[in-house]
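Trainee: Pasting a structure here, questions to come.
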Amino acid sequence: MLNSFRQRFRNWAFRRTVETGTVILNQRRIYILPTRRGVGFACVLILMLLGDINYNLSLGYAFTFLLATSGGLSMLYTFRNMAALEIHAGPVTPVFAEEDVCFVFYFDNPGKLERYQLHLHDDAGHLNVFDLPARQVTAVMLPLPAIQRGWLDSGRLTLHTEFPLGLFHAWTYLHFDVCGLVYPKPAAPRPLPAASSQNGGGGVISAGDEDFSGLRDYAPGDALPRIAWKTLARAQGLQVKQFTAEQGSELWLDASALNETLEHKLEILTRWVLDADAQGLHYGLRLAGQDIPPQHGAAHRADCLRALALYGMNEK
Amino acid sequence: MKLSAPLIYGLIISILLVSAPHAGHLPLWVSGTGVLLLAWRVYLTRNSQRLPPRWLLVGVTLACVGGIALSFHAVFGREVGVALLVLLSALKMLELRTTRDASVLIYLACFITITHFLYSQSLATGLFMLLALTAIMTTWIHLHTGTLGLKPRLRIATMLLMQAIPLTLLIFVLFPRVSGPLWGLPQDAYASSGLSDTMSPGSMSKLTLSDAVAFRVTFKDAVPLRPQMYWRGPVLWDFDGRTWTRGRSPLLAAPAQLEYSGLAVDYTVTLEAHNKSWLFALDMPISLSIPYVRLADFQLLNKAPVNSRLRYEATSGTNYRSSRNEPQQQLQRALALPAGFNPRALQLAADWRRQASSDEQLINTALDYFSRNGFEYTLEPPPLGRDTVDDFLFTTRQGFCEYYASSFVFLMRAAGIPARVVTGYQGGEYNDLGGYYILRQSDAHAWTEVWLKERGWVRYDPTAAIAPGRIQNGLSNALADNAALPFLTRTRWPLLLSLRDNIDALTNQWNQWVLGYDNERQFALLTRLGMQDITWQKLALYLLAGASLLLALFALFFLRRLQPPLPDPVQTLYLRFCKRLARAGITRAAHEGPLDFAARAAALRPQHAAAINDITTRYLALRYRGQQDRALLQAFRHAVRSFKL
């Protein structure tokens, strides 16, 4: 109840626009308030002042004022620690569901000042703490968990700092128009469906499993049976066996051929796309209302996975 | 967040720095316990061991509080508070787990800094505490900068403190001062040293061992001669055979009567706190600028004990007759002697009385007696027995001023002349730099006053009879060289003396402007600056306005460093050249290098081709061939400026 009220207040009080391009942090974007620690320090100062008045300590006055002024000036330090930063979002590499989407933000610090202990976090508390050297662009990562397929919005992120004394909390909200593409999670390995020859002759060719063509490094989603255990035993790292399919054979990965729930269908198709790509097959993807003709290569694989990720969703 | 070991060491150093100077006035066990607790923490941190369990800490805390209650016999008061703060901060170190605990410790350390000023507000203490504050700030910043090194942190801390100074000064000057304590102070709130209102053999010479300043005097114009500089303090009437006191019977309420002739002397006294209510003024005080009470024997009293430095202006007449009509009852008091003491002195006085034709003659006889019979002026006289006056007059014949004053008054009273002892300070040391006189505890002195019918109370100083140098030139000239005087009082090394004068002048300025800055000084300063009708509302307004102005100015400079640095002049000039071409419709594309651009521009504007190529060649030479030459740059600037399409 209280939380939802707080959320509504924040939505009302602070801008909720989504940023495109580069954001420059100026005084209109930076909010600043004393922290609980700052209020505590003010109480200590009042106690000190009472002591000074009571015992008539002139030097005590001077020190109390010095501490109070330093504390007050630290607000400017806190503000300056964030001000005039230029921030833009970088491209996001697609991931499979249940992995982390790594959002990248480029922080340009054009001035002569180093910035200390900036905290970038989302509302769920995923946090990255970093320093920014002067006159440099720094890439800052914020991994957020991808729970389901589709586009993952970073949501409104908060950038805050309490440098140097922790008496003041300066913060700003960042909401860039970047989204991470999340592919469906690959299902457990299962054999590929039968391929058909290109000319439609109906000749059944088992998917060129026999023609071993070499090894390549393991990539997430590769089928377990294709892992080259022998090379792993020889301490050559995790590698996957590659096979060439016979030229002319053609594989259709068809959603309608599967008798499963939609999400599970997509997961199985994802698995097949990965396997078929790993084997270098020509494969096409057939979803209801969407056909991707047989092809092969990295771009084709990305197209297929993207179609699977966004199937049934509003394309953004 | 787990606290890193360097942060913990920083906190330990901060606590040590702010607590160490307290070791001088805390019981040994408190300092010892504090050091042990900190050492324990260092040990635990070094070996990455776990902190002690809560029950153990509670036990240690209770033991510490109990120990303090036992050793101070109190649970309130300055000393108790300081001891508790120091021990609690050390104990908190053992409970230091989160950043929140660290913040609490830092606040504690900040608070402990000002407790030192209860004991000393000297320049040295202030500087040391500033150092401690820098250490605290450095550690504090560590809490919020993660792994930042010591040097940059120290730089940030120093910068922050230095930038805070102008505003601090403004607030210090304008913050309304409240006079008087807000609540009743504990008895031990102020240190006490200086003259007391009793005098017994040895009490003055003990005081003389102290080099501490009693008060400072600035004369307005006329400076009296040194032999006239008797700074009057408590007047003592009653004698019990050993000790002189002011006596229990209150003085008669008769007003002090004073006739003076000649010029009055105007001067300002800055009196150090001595926790007693008496004030000091030149014989004889006429008036004071602060509220005061002048008793019938010309002793001046403040309304309350002087427990902070006090400034007042005073006027005195050095050529005077006082209380010629002293009431009979008062004169009787000035003749009283304890029964059964000092028979030989009584006898001597009776003999003199018989021989003398007048009081004046008798007094001269007595002074002659002191100067002729081998009396010695010394700080270390032999001890006296029950009949102090007899022992001194006939046996030891060695004594300090209180011995002479005491026996002189005794003899006078025995001879039937009313007499009393006056204590105070005599002389003064001139400080060339500050233009003022310093009276130290070592200038404490006791002399006598005798009542004569026509002249009233007349000052006689028996010390002058045997050691005229004491009155003429000060104590160090009157004593043998090996006397146990403060080193600086007896040195004759000019460099050392001038150093002392310098330091004292600085201390005096410090006292006047920093420590003595009270509501009166504030009022005087602000009036001199042209403010009228000063009320606290006005002060608050000025404070607000001044602070805003200072902050705005500061922010202007402070935030300038955020801007990216300007590009170098060569680049600026070239960009101006490109802008001129752009205005003519020839815009340099993002992918276009200077040479390509020059070729294109020259083709489009053949009549300017020479100028374009010239500027481009110069630009390339300056920017890419590293030719850093002022003349070349100047030529390039000229070429760009004169380029017109």
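Protein chains in written order, with the working numbering: chain A, 1 to 316; chain B, 1001 to 1645. Cβ atoms here follow ideal geometry from the backbone N, Cα and C, with glycine treated the same way. In this text, all values refer to a predicted model and were calculated from it rather than measured experimentally.
How many whole angstroms separate the CB atoms of Thr261(A) and Leu308(A), which I take to be in contact at a CB cut-off of 8 angstroms?
Mentor: In fact, because the Cβ distance is near 14 angstroms, the residues do not count as touching under 8 angstroms.
Trainee: What first and last residue would you give for the beta strand (DSSP E) that runs through Trp1447(B)?
Mentor: Per DSSP, Trp1447(B) belongs to the beta strand (DSSP E) from Ala1444 to Leu1452.
Trainee: Along chain B, which residues have their Cβ under 7 angstroms away from the Cβ of Glu162(A)?
Mentor: Ordered by position in chain B, the residues that pass the 7 angstroms Cβ test against Glu162(A) are His1144.
Trainee: Counting pairs of beta carbons, one from the region 1443–1462 of chain B and one from the region 1321–1329 of chain B, are three or more of them closer than 8 angstroms?
Mentor: Yes, they touch.
Trainee: If you run the structure through DSSP and keep just helix, strand and coil, what is Gln1187(B)?
Mentor: With a pLDDT of only 44 at Gln1187(B), under the threshold of 50, the placement of this residue in the model should not be trusted, and no figure is reported.
Trainee: Could you pull out every residue in the same chain whose Cβ sits closer than 8 angstroms to the Cβ of Gln1187(B), ignoring the five residues on either side in sequence?
Mentor: The pLDDT assigned to Gln1187(B) is 44, lower than 50, so where the model puts this residue is not dependable; a value taken from the coordinates is nonetheless given after this. So the list reads Gly1077, once near-sequence residues are dropped.
Trainee: Just to confirm my understanding: we take Gly1247(B), look at its own chain, exclude 5 residues before and 5 after, and list those with CB closer than 7 angstroms. What are they?
Mentor: Once the five neighbours on either side are set aside, the close Cβ partners of Gly1247(B) are Trp1237 and Asp1238.
Trainee: Indicate the three-state DSSP secondary structure (helix, strand or coil) for Asp1518(B) in the structure shown.
Mentor: Of the three classes helix, strand and coil, the one that applies to Asp1518(B) here is coil, per DSSP.
Trainee: Is Val137(A) close to chain B? Criterion is C-beta to C-beta, closer than 8 angstroms.
Mentor: With 8 angstroms as the cut-off, Val137(A) does not count as an interface residue toward chain B.
Trainee: With a threshold of 8 angstroms between beta carbons, is Phe1219(B) in contact with chain A?
Mentor: Cβ-Cβ to chain A under 8 angstroms: no for Phe1219(B).
Trainee: Taking beta-carbon pairs under 9 angstroms, can you tell me which members of the region 1292–1308 of chain B lie near chain A?
Mentor: Answer in chain order: Asn1307 and Ser1308.
Trainee: Check whether the Cβ of Leu1105(B) lies closer than 8 angstroms to any Cβ atom in chain A.
Mentor: For Leu1105(B), the answer is no, since every Cβ of chain A falls outside 8 angstroms of its Cβ.
Trainee: Name the DSSP beta bridge partners of Gln1398(B), please?
Mentor: Glu1376(B), per the DSSP bridge assignment.
Trainee: Pull up the distance between the alpha-carbon of Ile1503(B) and that of Leu1310(B), whole angstroms please.
Mentor: Whole-angstrom Cα-Cα distance: 21 angstroms.
Trainee: In this structure, what does DSSP give as the bridge partners for Tyr1430(B)?
Mentor: Its beta-bridge partners are Tyr1437(B).
Trainee: Using the Cα positions of Ala1590(B) and Leu85(A), report the straight-line distance between them to the nearest angstrom.
Mentor: Approximately 24 angstroms, taken between the alpha carbons.
Trainee: Count the other CB atoms, across all protein chains shown, that sit within 10 Å of the CB of Trp1536(B); report buried if there are 16 or more and exposed otherwise.
Mentor: Its Cβ having fewer than 16 others within 10 Å, Trp1536(B) is exposed.
Trainee: Met48(A) touches chain B at which residues, Cβ-Cβ below 8 angstroms?
Mentor: The answer, in chain order, is Cys1110, Phe1111 and Ile1114.
Trainee: Would you say Trp1140(B) faces chain A, with C-beta separation under 8 angstroms as the test?
Mentor: Chain A, which has a Cβ nearer than 8 angstroms to the Cβ of Trp1140(B), makes this yes.
Trainee: Whole angstroms are fine: how far does the CA of His119(A) sit from the CA of Leu136(A)?
Mentor: The sequence as given places Gln at residue 136(A); Leu does not occur at that position. Taking the straight line joining both Cα atoms gives about 18 angstroms.
Trainee: Per DSSP, Met1199(B) is paired with what?
Mentor: Trp1244(B).
Trainee: Quick one: which chain A residues come within Cβ less than 7 angstroms of Gly1126(B)?
Mentor: In chain order: Leu59.
Trainee: Please go through the same chain and pick out, in chain order, the residues whose beta-carbon is closer than 7 angstroms to the beta-carbon of Glu1272(B), but skip the five residues on each side of it.
Mentor: Result list for Glu1272(B): Val1213, Ala1214, Phe1215 and Arg1309, in chain order.
Trainee: The ligand SAH and Ala1314(B): does the residue's C-beta get closer than 7 angstroms to at least one heavy atom of that ligand?
Mentor: For the ligand SAH, the structure offers nothing, since it holds no ligand at all.
Trainee: Just to confirm, are Ile1586(B) and Ala1598(B) a CB contact at a threshold of 8 angstroms?
Mentor: Not closer than 8 angstroms, so no.
Trainee: For a contact meaning CB atoms closer than 7 angstroms, what does Leu76(A) contact in chain B?
Mentor: Simply Ala1555 and Phe1558.
Trainee: Please state whether DSSP places Leu281(A) in a helix, a strand or coil.
Mentor: If DSSP states are grouped into helix, strand and coil, Leu281(A) belongs with coil.
Trainee: Distance check for Met313(A) and Asp153(A), CA to CA, integer angstroms please.
Mentor: Rounded to the nearest angstrom, the two C-alpha atoms are 14 angstroms apart.
Trainee: Contact defined as beta carbons within less than 8 angstroms: I believe Asn26(A) pairs with Ala83(A). What is the distance between those atoms, to the nearest angstrom?
Mentor: Right, the Cβ-Cβ distance comes to about 7 angstroms (below 8 angstroms), so this counts as a contact.
Trainee: Going by beta carbon distance, what residues of the same chain come within less than 8 angstroms of Ala1023(B), once the five residues before and after it are set aside?
Mentor: Counting only Cβ-Cβ distances below 8 angstroms, and skipping sequence neighbours, we find Ser1031.
Trainee: According to DSSP, is Lys230(A) part of a helix, a strand, or is it coil?
Mentor: Note: Lys230(A) maps to helix in three-state DSSP.
Trainee: Contact between the region 1392–1402 of chain B and the region 1370–1382 of chain B: three or more CB pairs below 8 angstroms?
Mentor: In short, these stretches touch, since the Cβ pair count reaches three.
Trainee: Which residues of chain A have a Cβ atom closer than 7 angstroms to the Cβ of Ala1164(B), listed in chain order?
Mentor: By Cβ distance, chain A contributes Leu66, Thr69, Ser70 and Leu73.
Trainee: Which residues in the same chain have their Cβ closer than 7 angstroms to the Cβ of Leu310(A), if we skip the five residues on either side of it in sequence?
Mentor: If we look at Leu310(A) and ignore the five residues flanking it on each side, its Cβ neighbours are Gly150.
Trainee: Tell me whether Glu1095(B) sits in a helix, a strand or coil according to DSSP, three-state version.
Mentor: Correct three-state label for Glu1095(B): coil.
Trainee: Taking 8 angstroms as the cut-off, decide whether the C-beta atoms of Val240(A) and Arg216(A) are in contact.
Mentor: The answer is yes: Cβ separation under 8 angstroms.
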